[in-house]
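Colleague: Handing you a structure now.
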Amino acid sequence: MSLGFQAWLSVCGYYNALRIAAHYARCIRHIDSAQMYRNENAVGQAVKESGLKREEIFITTKCASRSHGYEKTLAGVDESLSKFGFEYIDLFLIHDPLSGPVKRMETYKALLECRDKGKIKSIGVSNYGVKHLEEIKQAGLEAPAVNQIELHPWCQQKEIVEYCKKNDIVVQAYCPIVRGEKWGHPVLVELSKKHGRSEAQILIRWSLQKGYVPLPKSTHEERIVENAEVFGFELGSEDMGILDALDEGSQGAISWNPVNAA
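Structure, rendered in structure tokens:
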């Protein structure tokens, strides 16, 4: 099981949060950033000041729609490397499928080329539905290592998850604690009392036990540490079933969730 940290907040907010995460929460060694978040400079600086070696931290970034297309992607990868101040990026994702089938395929091929040149360790996608994943497969290209999508009990994206599992694609979950919008929900309150854990920890634990890589975010030191302390308990099958029953399909999404893009 693994846990990441998502950074897309204010400059001061995520910069400080990244330093806290790297220093205090030993299991948070996966930092999720993006070109769109405009935080690659700050992430790179925070990693340098963390006291950890580069190889001890797993860095993800994403190619924004405006950078889709073969040449733009090649240039975008170099720009991201420059902003981070790194020699390589562990995981580079296509942020979304919104640029259309031609450009997203060009982008994928460009990332494969960058991977082969050692600039990227692994490539993946984000917000991809089954249709978009099938495009890659039908083109005869290797499957992405990762698909990062919105995932929590109210938005379970079962068809996409099932496809990823069948094709050995790691599923990363953004918005795993629903941005706090479900705090006080009767199910969370009950499970929180039962296990003596916070509602956020219950949701992160659900994600881990489903086999996902959850990416919670926070700028508060105590919450970052709390979000990492989810390996000392387990939700029972009945608990998991109760949470599974909360699914509202696409209506349960709280983010943009463009998995049905043309």
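In the UniProt record's numbering, the protein residues as written are 1 to 262. Glycine is no exception: its CB is placed at the ideal position from the N, C-alpha and C atoms. In this text the structure is predicted, and so the values were computed from the model without any measurement.
Can you give, in chain order, each stretch of the alpha helix (DSSP H) that sits fully within the region 198 to 251 and has at least 4 residues?
Modeller: 199 to 209, 221 to 228, 237 to 244
Colleague: From this set, ARG38, GLY76, ASN167, which residue's C-alpha is nearest TRP141's C-alpha?
Modeller: As a first step, residue 141 is located in the sequence shown; it is residue number 141 there, counting from the start. A quick correction: the sequence has Leu, not Trp, at residue 141. Here the closest residue by C-alpha is ASN167.
Colleague: Taking all protein chains shown into account, decide if SER10 is buried (16 or more other Cβ within 10 angstroms of its Cβ) or exposed.
Modeller: Along the sequence shown, one-based indexing puts residue 10 at 10. Because SER10 sits at a pLDDT of 48, beneath the cut-off of 50, its placement in the model cannot be relied upon, and the point is left open.
Colleague: Check this for me: beta carbons of PHE84 and GLU135, under 8 Å apart or not?
Modeller: On the sequence shown, residue 84 is found 84 positions in, with the first residue counted as 1. On the sequence shown, residue 135 is found 135 positions in, with the first residue counted as 1. With contacts defined by Cβ atoms closer than 8 Å, PHE84 and GLU135 do not form a contacting pair.
Colleague: If we ignore side chains and look at the alpha-carbon of each, how far apart do ILE59 and ILE224 end up?
Modeller: Residue mapping note: residue 59 aligns to position 59 of the sequence shown, counting from 1. Residue mapping note: residue 224 aligns to position 224 of the sequence shown, counting from 1. Their backbone Cα atoms lie some 17 Å apart in a straight line.
Colleague: What are the residues that DSSP puts in a beta bridge with LYS62?
Modeller: Translated into positions along the sequence shown, residue 62 becomes position 62. Note: LYS62 sits in a beta bridge opposite LEU93.
Colleague: What does TYR174 pair with, by DSSP beta-bridge criteria?
Modeller: Mapped onto the sequence shown, residue 174 falls at position 174. Its beta-bridge partners are GLU150, LEU215.
Colleague: Looking only at its chain, what residues have a beta carbon closer than 7 Å to the beta carbon of THR61, apart from the 5 residues adjacent to it on each side?
Modeller: Counting from 1 along the sequence shown, the entry for residue 61 is found at position 61. So the qualifying residues of the chain are SER33, ALA34, GLN35, GLU40, SER80, ILE89, PHE92.
Colleague: Note down, in chain order, each residue of its chain lying with its Cβ closer than 8 Å to the Cβ of PRO258, except the 5 sequence neighbours on either side.
Modeller: Residue numbering aside, residue 258 sits at position 258 when the sequence shown is read from its first letter. The residues ASP96, PRO97, LEU98, ASN127, in chain order, have a CB closer than 8 Å to that of PRO258 in the same chain once the five nearest residues on each side in sequence are set aside.
Colleague: Using CA coordinates, which residue listed in ILE254, GLY232, SER67, ASP116 is at the minimum distance from ALA173?
Modeller: For this step, residue 173 is matched to residue 173 along the sequence shown. Among ILE254, GLY232, SER67, ASP116, the Cα nearest to that of ALA173 is on ILE254.
Colleague: Taking LEU235 as the reference, give the member of SER218, LEU203, ILE31 with the closest Cα.
Modeller: The residue labelled residue 235 in the question sits at position 235 within the sequence shown. Residue LEU203 is the option with its Cα nearest to LEU235.
Colleague: Using 8 Å as the cut-off, can you tell me whether the region 99 to 113 makes contact with the region 63 to 78, which would need three or more C-beta pairs spanning the two stretches below that distance?
Modeller: yes
Colleague: Would you identify the three-state DSSP class for SER10, choosing helix, strand or coil?
Modeller: The sequence position of residue 10 within the sequence shown is 10, counting from 1. Here the model assigns SER10 a pLDDT of 48, short of 50, so the residue's position is not dependable and the matter cannot be decided.
Colleague: Which two residues bound the contiguous alpha helix (DSSP H) that contains ILE136?
Modeller: Here the question's residue 136 lines up with position 136 in the sequence shown. Residues 130 to 138.
Colleague: Could you tell me whether the region 189 to 201 touches the region 150 to 169, where touching means 3 or more Cβ pairs closer than 8 Å?
Modeller: no
Colleague: Just tell me which of GLU87, LEU133, HIS185 has its CA closest to the CA of GLY118.
Modeller: Sequence index remark: in the sequence shown, residue 118 carries index 118 (1-based). The option with the nearest alpha carbon to GLY118 is GLU87.
Colleague: Should PRO186 be labelled buried (16 or more other beta-carbon atoms within 10 Å of its own) or exposed?
Modeller: Along the sequence shown, one-based indexing puts residue 186 at 186. It counts as exposed.
Colleague: On the DSSP letters alone, give me the boundaries of the alpha helix (DSSP H) that ILE160 sits inside.
Modeller: On the sequence shown, residue 160 is found 160 positions in, with the first residue counted as 1. Counting along the chain, the alpha helix (DSSP H) containing ILE160 begins and ends at 158 to 166.
Colleague: Under the DSSP definition of a beta bridge, which residues are partnered with VAL125?
Modeller: As a first step, residue 125 must be located in the sequence shown, where it is residue number 125. For VAL125, which the question treats as bridged, DSSP gives the partners ILE94, ASN147.
Colleague: Does the separation of the CB atoms of VAL125 and ILE94 fall below 8 Å?
Modeller: Working through the sequence shown from its first residue, we reach residue 125 at position 125. Working through the sequence shown from its first residue, we reach residue 94 at position 94. Their beta carbons are under 8 Å apart, which means VAL125 touches ILE94 by this criterion.
Colleague: Would you call the CB atoms of GLU222 and ALA200 closer than 8 Å?
Modeller: Counting from one through the sequence shown, the residue named residue 222 turns up at place 222. Counting from one through the sequence shown, the residue named residue 200 turns up at place 200. Cβ atoms of GLU222 and ALA200: not closer than 8 Å.
Colleague: Would you mind reading off the limits of the alpha helix (DSSP H) that contains ASN260?
Modeller: Numbered from 1 along the sequence shown, position 260 holds the residue referred to as residue 260. Run containing ASN260: none; DSSP gives neither H nor E here.
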